[in-house]
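Going by this note's numbering, the first residue of the sequence shown is number 1, and it counts up by one from there.
Have a look at the structure below before the remarks.
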Amino acid sequence: MNKYFSEFLGTFALAFAGTGAIVINTATNGAVSHAGIALTFGLIVLAMIYTFGDVSGAHLNPAVTMAFTLARRFGWREVPAYLASQISGAFVASGLLRLLFPSDATLGATLPAGSVIQSFVLETVLTCLLMLVILSVSTGAKEKGITAGIAIGAVVALEAMFAGPICGASMNPARSLAPAVVSGNLQHLWIYLVATTLGAILAVPVCCGVRGTECCGRSLTRAES
């Protein structure tokens, strides 16, 4: 139960801080700035890895959980509870932001600024690269320690910095699902559900091809199965 509550709290914090930065940037006419938003996402991921990495692995992302499972680092029986915890955490964050900023139109939802194909390809590639880093620096299915926190947080911030203005740089289905549903911006939601999941899954064979059994096929510990 501690694992699931950790995923709930971690994803809540990610969605509240990250999408909250977008909402507050709008409310203050750009006081946070695009760079500030990107750094907020990266720093909250880093902080949550340090906080919950040794408890739940700090997945904070349904696509990450699915990729860990396909890489045989995480047991299938844990997947439904992890996904439910992550998604519910994101929804609570979006609900709280709606109460705090009732006039905001998007609540930080990811919306394509360019074409649909641009955003789909960008989200797929961004999430694949992020997941490749996660698989490389994590221990089993756990993102924990100084190396993991800094590396993963830095990649999130970097990708949000350069790709955010075009596609929103979601890299996380839960982060996109909650604000889209709560704010009613559903038209392009499918991009951020499908592309992010596809990108994370594609990272598994890439990592296995580079690292072999060091990346995939490790036997699960009792805590991970």
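Backbone N, C-alpha and C fix where the C-beta goes; we use that ideal spot for every residue, glycine too.
Relative to the C-alpha of residue i, which candidate in the options has its C-alpha closest?
{"i": "Leu126", "options": "Ser138, Met161 and Cys216", "result": "Met161"}
{"i": "Cys128", "options": "Val156, Leu83 and Ser85", "result": "Val156"}
{"i": "Gly153", "options": "Val137, Pro165, Gly168 and Ala71", "result": "Val137"}
{"i": "Thr69", "options": "Ala90, Tyr192, Gly140 and Ala163", "result": "Gly140"}
{"i": "Met171", "options": "Thr147, Gly53 and Ala109", "result": "Ala109"}
{"i": "Ser176", "options": "Phe12, Met1, Ser6 and Glu143", "result": "Phe12"}
{"i": "Val204", "options": "Met1, Met48 and Ile134", "result": "Ile134"}
{"i": "Leu39", "options": "Ala169, Gly114 and Ala148", "result": "Ala169"}
{"i": "Ser56", "options": "Tyr82, Ala67 and His34", "result": "Tyr82"}
{"i": "Ile117", "options": "Ile166, Gly42, Val79 and Gly145", "result": "Ile166"}
{"i": "Lys144", "options": "Thr213, Ala17, Phe52 and Gly36", "result": "Phe52"}
{"i": "Phe16", "options": "Ser33, Met1, Lys3 and Phe41", "result": "Phe41"}
{"i": "Asn29", "options": "Leu100, Thr65, Asp104 and Tyr50", "result": "Asp104"}
If you reduce the DSSP assignment to three classes, tell me which class residue i lands in.
{"i": "Thr65", "result": "helix"}
{"i": "Thr147", "result": "helix"}
{"i": "Thr106", "result": "coil"}
{"i": "Thr40", "result": "helix"}
{"i": "Thr139", "result": "strand"}
{"i": "Ala113", "result": "coil"}
Are residue i and residue j touching if we call contact CB-CB under 9 Å?
{"i": "Ser20", "j": "Ala58", "result": "In the sequence as presented, Ser is not what sits at residue 20; that position holds Gly. Their beta carbons are not under 9 Å apart, which means Gly20 does not touch Ala58 by this criterion."}
{"i": "Ala163", "j": "Leu202", "result": "no"}
{"i": "Ala63", "j": "Met131", "result": "yes"}
{"i": "Ala198", "j": "Thr124", "result": "Before going on, a small fix: residue 198 reads as Leu here, not Ala. Yes, they are a contact pair."}
{"i": "Leu193", "j": "Pro173", "result": "yes"}
Can you name, in chain order, every residue of its own chain whose Cβ lies under 7 Å from the Cβ of residue i, other than the five neighbours on each side?
{"i": "Leu107", "result": "Thr19, Val23, Ser94, Leu97, Arg98, Pro179, Val182 and Ser183"}
{"i": "Arg222", "result": "Residue confidence for Arg222 is low, a pLDDT of 33 falling below 50, so the modelled location carries little weight and cannot support an answer."}
{"i": "Phe8", "result": "Ser85, Ser88 and Gly89"}
{"i": "Leu301", "result": "The question about residue 301 has no answer here: the residues shown for the chain are numbered 1 through 225."}
{"i": "Asn185", "result": "Thr106, Ala109 and Leu111"}
For residue i, which residues from the same chain have a beta carbon less than 6 Å from its beta carbon, with the 5 sequence-adjacent residues on both sides left out?
{"i": "Phe120", "result": "Ile191 and Ala195"}
Here's a check: name, in chain order, each residue in its chain whose Cβ is nearer than 8 Å to the Cβ of residue i, leaving out the five neighbours to either side.
{"i": "Val210", "result": "none"}
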